[in-house]
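Going by the working numbering, 609 is the number at position 26 of the sequence shown; the sequence numbering is gapless. The structure appears below as structure tokens.
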Amino acid sequence: MSMTDPIADLLTRIRNAQMAGHETVAMPFSKGKAEIVKILEEEGYIFGHTVEHTKPFSTLTVHLKYQSEKDPIIRCLKRVSKPGRRVYTRKDDIPVVLGGLGINILSTSKGVLTGKKAKQAGVGGEILCEVY
């Protein structure tokens, strides 16, 4: 099965694992996914992640975070830019998620950044997803 949108796959796997109350979720590794997961970790939405480099392909494992018993920290994971409809933004037009309570993750010329960091760096880019 060829995957057309690995980022949507990552978000869906996290969403499903949280609904099922899992502590971790594993998926095929890719640099793009690892960048997004790193931001989720820095922003405190997940505990962390591990990468297992094995042949023929590596595995990315995400360690999920819950507020209380089975109450996930991440309320919403939304894919914004899709393969069929790319969504780009200028540095001045980066949208605010949930009045500043959430984050958006952008793919910029300076790498994968949160909306806030992209604004500080003075770059726009493709809005990958929203998290809150």
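Beta carbons: idealized from backbone N, C-alpha and C, even for Gly.
Distance CB(residue i)-CB(residue j) smaller than 8 Å
| i | j | result |
| --- | --- | --- |
| E713 | S690 | no |
| E618 | V680 | no |
| L647 | T672 | no |
| V634 | L643 | yes |
| Y715 | G685 | yes |
| G707 | I688 | no |
| I597 | L711 | no |
Residue i (DSSP reduced to helix, strand or coil)
| i | result |
| --- | --- |
| T634 | A small correction: the amino acid at residue 634 is Val; Thr does not occupy that position in the sequence shown. DSSP places V634 in strand when its eight states are reduced to three. |
| I677 | coil |
| T587 | coil |
| R662 | strand |
Residue i, enclosing alpha helix (DSSP H) - first and last residue
| i | result |
| --- | --- |
| T691 | No alpha helix (DSSP H) contains T691, which is instead part of the beta strand (DSSP E) from I686 to T691. |
Where the beta strand (DSSP E) through residue i begins and ends
| i | result |
| --- | --- |
| V714 | G708 to V714 |
| V645 | T642 to L647 |
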